[in-house]
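Asks: The structure that follows is given in the form of structure tokens.
Numbering (my numbering), first residue to last: -9 to 330.
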């Protein structure tokens, strides 16, 4: 397949438009078979007089099946519901996928991290179902369904099998939450029986986090419920340099949204200081997804070119300030383009 793929671009808020522009430039230099249609979400959509997640944006993603999204602002403790949560629920993007890899030239405590966090994206405590019981008493509801537990386990095991990963580890708290986390753990164990080429293990999450920071090289694919995945995926990002150097995706059976997982950083917006690497890496994930799902070798070739180029740039010391360099957003994109 050689025709171009239409991708919905959501630049996002704060530094989003800057990192989105840098990413587009790199993809164009690599000859990626992409045509962009731009839509808004978050504060940018509100400023246009629309809802925080306009139906036109959702409709475009449904029509084209794929999107690349910059960071959107979410108010803390008040205001509108997270754009990310709304997207996942509206489009049934049930698998949040966060590859975490040690990068050349980015100095961290570990040099051999190469794991993938797979997070159930549609239920659990993260669903935000909360109620006031009486004055001074509130409750938050944790929902687990066998359907959701089984499909995320199947997605993780299938991913591991296709990508040559040798082990999937379930993080849970089934010793305390025997019904909800117990269901999750048992569903994963049942699914694992269909994948003899992939080893299966389950760990109580507190002990698992301890092992993660002691020796992350023992893990390959991690799968867990929603709130645990939110916390653990950021912990893993910290092992390799932070949220500015890891990609992310929210994937369903029919649609996928690839995104930078860091915040919108309004304090440095418009100052050419933001690191575009997270969104660029997410775009590489997107190209690989297109290659796998739609059989497009041109998308795969572009992904290889871009990944090779940014790895080389980092090895050569071409970095933004957040990871020990001195380049601005545009200059880092220039460095990657020069190496394509």
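Think of the CB as a built atom: it goes at the ideal place given N, C-alpha and C, for glycine as much as any other residue.
Which partner residues of residue 26 appear in the DSSP bridge assignment?
Replies: -3
Asks: Short check: CB of residue 216 to CB of residue 121, under 8 Å?
Replies: Contact: no.
Asks: Using beta carbons (cut-off 8 Å, strictly below), is residue 133 in contact with chain C?
Replies: Looking for chain C here will not work: only one protein chain is present.
Asks: Scan the segment 183 to 250 and note each continuous beta strand (DSSP E) run of 3 residues or more that stays entirely inside, going in chain order.
Replies: Listed in chain order, the complete beta strand (DSSP E) runs (minimum 3 residues) inside the segment 183 to 250 are 189 to 194, 211 to 214, 237 to 241, 246 to 250.
Asks: If the criterion is Cβ atoms closer than 8 Å, does the pair residue 90 and residue 143 meet it?
Replies: no
Asks: How is residue 252 classed by DSSP in three states: helix, strand or coil?
Replies: coil
Asks: Buried or exposed: residue 311, going by 16 or more other Cβ atoms within 10 Å of its Cβ?
Replies: By the neighbour-count rule (16 or more Cβ atoms within 10 Å), residue 311 is not buried but exposed.
Asks: Note down, one range per segment and in chain order, each alpha helix (DSSP H) of at least 4 residues found wholly within the segment 65 to 123.
Replies: 73 to 81
Asks: Would you kindly check if the distance between the Cβ of residue 62 and the Cβ of residue 39 is under 8 Å?
Replies: no
Asks: Tell me which residues share the same chain as residue 316 and place their Cβ nearer than 6 Å to its Cβ, disregarding the 5 neighbours each side in the sequence.
Replies: none
Asks: Is it true that the segment 292 to 309 meets the segment 5 to 25, where meeting means three or more beta-carbon pairs spaced less than 8 Å apart?
Replies: yes
Asks: Does residue 316 come out as helix, strand or coil in the three-state DSSP assignment?
Replies: In this structure, DSSP gives residue 316 a state outside helix and strand, which the three-state scheme calls coil.
Asks: I'd like to confirm the pairing. Which residues does DSSP put opposite residue 330 in its beta bridges?
Replies: For residue 330, which the question treats as bridged, DSSP gives no partner whatsoever.
Asks: Return the chain-ordered list of same chain residues with a C-beta closer than 6 Å to the C-beta of residue 251, the five sequence neighbours on each side being excluded.
Replies: 233, 238
Asks: To the nearest angstrom, how far is the alpha carbon of residue 108 from that of residue 124?
Replies: 36 Å
Asks: Strictly by DSSP, which residues pair up with residue 130?
Replies: In the DSSP assignment, residue 130 is bridged to 120.
Asks: List the whole-angstrom C-beta distance separating residue 141 from residue 211, where the pair is believed to meet the contact cut-off of C-beta under 8 Å.
Replies: With a Cβ gap of about 15 Å, residue 141 and residue 211 do not count as contacting.
Asks: Classify residue 63 as helix, strand or coil using the three-state DSSP reduction.
Replies: The answer is coil: DSSP assigns residue 63 none of H, G, I, E or B.
Asks: Out of -6, 13, -2, point me to the one whose CA is closest to residue 268's CA.
Replies: 13
Asks: With a CB to CB cut of under 7 Å and the five nearest residues on each side skipped, what residues in its chain are close to residue 273?
Replies: 13, 17, 58, 248
Asks: Give the straight-line distance between the Cα atoms of residue 199 and residue 128, rounded to the nearest whole angstrom.
Replies: Distance between the alpha carbons of residue 199 and residue 128 is about 28 Å.
Asks: Suppose you measure from the CA of residue 84 to the CA of residue 92; what does that come to, to the nearest Å?
Replies: 26 Å
Asks: What beta strand (DSSP E) runs, 3 residues minimum, are completely inside the segment 140 to 176?
Replies: 157 to 162
Asks: Under the three-state reduction of DSSP, which class applies to residue 310: helix, strand or coil?
Replies: In the three-state reduction of the DSSP assignment, residue 310 falls in the strand class, which pools E and B.
Asks: If residue 44 and residue 35 are in contact, beta carbons under 8 Å, what's the gap, nearest whole angstrom?
Replies: 5 Å between Cβ atoms; contact.
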